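Student: Position one of the sequence shown corresponds to residue 51 (this note's numbering), numbered consecutively onward.
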Amino acid sequence: MSERSPAPGGLALVQSLVNTLDIESGADSLDGVEGRARFGIAQDELEQARELRESLRAALLAHAGHPAHRTVTPLGELLARAPLVVTVDPGDGSAALAPADEGPLLSRVAAAVAQALVEGTWIRLKACEAVDCHWAYYDRSPAGRGRWCSMQVCGARAKMRRYRAKD
Numbered sequence: 051m052s053e054r055s056p057a058p059g060g061l062a063l064v065q066s067l068v069n070t071l072d073i074e075s076g077a078d079s080l081d082g083v084e085g086r087a088r089f090g091i092a093q094d095e096l097e098q099a100r101e102l103r104e105s106l107r108a109a110l111l112a113h114a115g116h117p118a119h120r121t122v123t124p125l126g127e128l129l130a131r132a133p134l135v136v137t138v139d140p141g142d143g144s145a146a147l148a149p150a151d152e153g154p155l156l157s158r159v160a161a162a163v164a165q166a167l168v169e170g171t172w173i174r175l176k177a178c179e180a181v182d183c184h185w186a187y188y189d190r191s192p193a194g195r196g197r198w199c200s201m202q203v204c205g206a207r208a209k210m211r212r213y214r215a216k217d
């Protein structure tokens with residue numbers, strides 16, 4: 051849906067996971083073997099991955115000031131299940147948050163969210179306000195007030211609906 055560039059750093063993983071479901075068409079790339087392989091999800095982990103995806107979407111909608119589209123497990127509850135560790139590079143002494151267990155998707159997402167919190171970028175990852183979209187996008191607008199994944203598609207549709215409602 052969106053022509054915007056990917057989110058920075060680990061947030062690209064979060065953005066990609068949320069965008070595995072096209073709400074408008076109902077297509078879910080996690081239904082396919084290739085889609086699951088992209089995130090390292092086994093068939094028996096599919097429901098947990100979908101739960102995580104929708105909890106992330108609810109948080110991204112909140113970042114944009116929109117209510118969640120449905121009741122989901124709070125993201126904090128899910129992320130609490132994924133312990134993180136602080137790693138220190140012996141070469142330059144830089145530190146980073148990393149999953150205690152590299153394998154599970156939840157651990158990798160928790161590390162990405164934690165690092166984005168440290169970097170101040172988490173709040174800029176949002177979900178489109180269009181109810182038939184909710185696509186994840188990284189808001190690069192100077193004021194951080196982006197509302198749609200694409201001004202040319204979802205933004206234009208919303209403006210047209212408001213214009214027609216005036217008649």
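Even glycine gets a Cβ: it sits at the ideal position worked out from N, Cα and C. Since we're looking at a predicted model, the values are computed, not measured.
Across which residues does DSSP place Ala-145 in a beta bridge pair?
Tutor: Val-138
Student: Using only CA atoms, which one of Pro-133, Pro-124 and Ala-114 lies nearest to Ala-193?
Tutor: When each option's Cα is compared against that of Ala-193, the closest is Ala-114.
Student: In terms of residues, what are the limits of the alpha helix (DSSP H) holding Leu-155?
Tutor: 155-169
Student: May I ask you to list the residues that DSSP assigns as paired with Lys-176?
Tutor: Tyr-187
Student: Just to confirm before moving on: does the CB-CB distance between Leu-129 and Ala-160 stay below 7 Å?
Tutor: yes
Student: With distance defined between alpha-carbon atoms, name the residue in Gln-165, Arg-195, Leu-167 and Pro-154 nearest to Asp-94.
Tutor: Pro-154
Student: Taking C-beta to C-beta, are Thr-123 and Ser-144 nearer than 7 Å?
Tutor: no
Student: If you count every other CB in all the chains shown that lies within 10 Å of the CB of Gly-59, and 16 or more means buried, which is it?
Tutor: Classification for Gly-59: exposed.
Student: Mind checking which residues open and close the alpha helix (DSSP H) that includes His-113?
Tutor: 96-113
Student: Quick check on DSSP: helix, strand or coil for Asp-81?
Tutor: helix
Student: For a test of the three-state rule: what should DSSP assign to Ser-55, helix, strand or coil?
Tutor: coil
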